[in-house]
Structure formats: structure tokens, C-alpha cells
Amino acid sequence: MENGAGFDLTEAGTQKRLAVYVVEDPADVPGIARLGPDPLAGDFDERRLAGLLFGERRRLKGALRDQSLIAGVGNAYSDEILHAARMSPSKSPALSPRRRPPGSTRPCAARSPRRWNAPAGSRPDG
1 MENGAGFDLT EAGTQKRLAV YVVEDPADVP GIARLGPDPL AGDFDERRLA GLLFGERRRL
61 KGALRDQSLI AGVGNAYSDE ILHAARMSPS KSPALSPRRR PPGSTRPCAA RSPRRWNAPA
121 GSRPDG
């Protein structure tokens with residue numbers, strides 16, 4: 001670097017699959033550009049979750065784990081969210097609005113990672 005600052009980057013693996021991008025905007029990185037919305041964002045709420053899940057034909061757990069649908073919810077978080085919300089991971093979220101009970105995504109949205117990172121007294125589960 002021009003100012004003498006720099007960094008060392010080491011990949012210990014044998015397959016050498018590491019990539020480094022120097023960009024102005026993180027959305028310029030192909031893998032990041034494909035990510036869905038961040039569930040920790042302030043505007044991620046029950047309505048947004050319901051909109052993302054509407055029309056999904058696969059199982060609920062698979063939809064939650066899809067990084068292009070919702071970023072950062074992997075296997076462990078999807079298990080925790082569904083367990084706390086008492087929702088079956090094998091059900092399809094593709095209920096039509098007429099068949100979907102009012103507030104049916106509320107338990108899942110209320111268990112979002114954003115709320116887990118909140119101070120203990122402010123979480124819905126205490």
C-alpha cells in the first residue's frame with residue numbers, strides 16, 4: 001500500500017479457494033450481491049419475512065437457510081428459530097393469504113437473531 005500499511009493473508013487449506021476483493025461497494029463482490037436481506041436490519045420485521053416466504057414451495061427450514069432469501073440464517077439459527085417459534089421445519093411456508101392464520105409469521109420473526117442480540121430483559125423470552 002502507498003502509506004506502508006498492509007496485511008498478511010494466509011490460507012491454511014490445501015484447495016486454495018480463497019478470494020480477495022478490493023472494492024468501493026461490498027455489493028460489487030459477486031457472493032455478497034446474491035445475499036438476501038439481513039435479518040438484523042431494523043426494517044426486517046414480520047411483514048418482510050412473510051413477503052419473503054410467500055409462494056415458497058420448499059420446506060420452511062430450507063427457505064430460512066437459503067442465503068439468497070435471507071442472509072446469515074444457517075442451519076443452527078434456523079433450528080433455534082423454528083424450535084422457539086414451535087413451527088415445523090418440514091412444513092411449506094407457501095400458504096395463500098386466505099389460508100395463512102393472521103400473525104402466523106410473528107413467532108418466527110420474534111425469534112430473529114436481532115432479538116437474540118438484544119439485552120436479556122428486552123427479549124420476548126426474557
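Quick note: the sequence shown uses full-length UniProt numbering, first residue 1, plus one each step. Built from N, CA and C at the ideal position, the CB exists for glycine as well. Predicted model only: the values in this text are computed from it and were never measured.
Going by the CB atoms, is the gap between R59 and P39 shorter than 9 Å?
no
Segment contact flag, the segment 44-57 with the segment 17-25, C-beta cutoff 8 Å, min 3 pairs:
no
Opening and closing residue of the alpha helix (DSSP H) in which P30 lies
30-33
Three-state secondary structure (DSSP) at A27?
helix
Using beta-carbon positions only, say whether R57 and S78 come within less than 9 Å of one another.
no
Would a C-beta distance cut-off of 9 Å place L69 and G31 closer than the cut-off?
no
Taking the continuous alpha helix (DSSP H) assigned at E2, which residues delimit it?
That residue, E2, is in no alpha helix (DSSP H); it is neither H nor E in DSSP.
Identify which residue in F54, S92, A33 has its Cα closest to the Cα of A71.
A33
To which residues of the same chain is E2 closer than 8 Å at the C-beta, ignoring the five residues directly before and after it?
none
Grouping DSSP H, G and I as helix and E and B as strand, with all else coil, what is D45?
coil
Whose C-beta lies closer than 6 Å to the C-beta of K61 among residues of the same chain, with five residues either side of it excluded?
S78, P89
So what's R65 in DSSP terms, helix, strand or just coil?
helix
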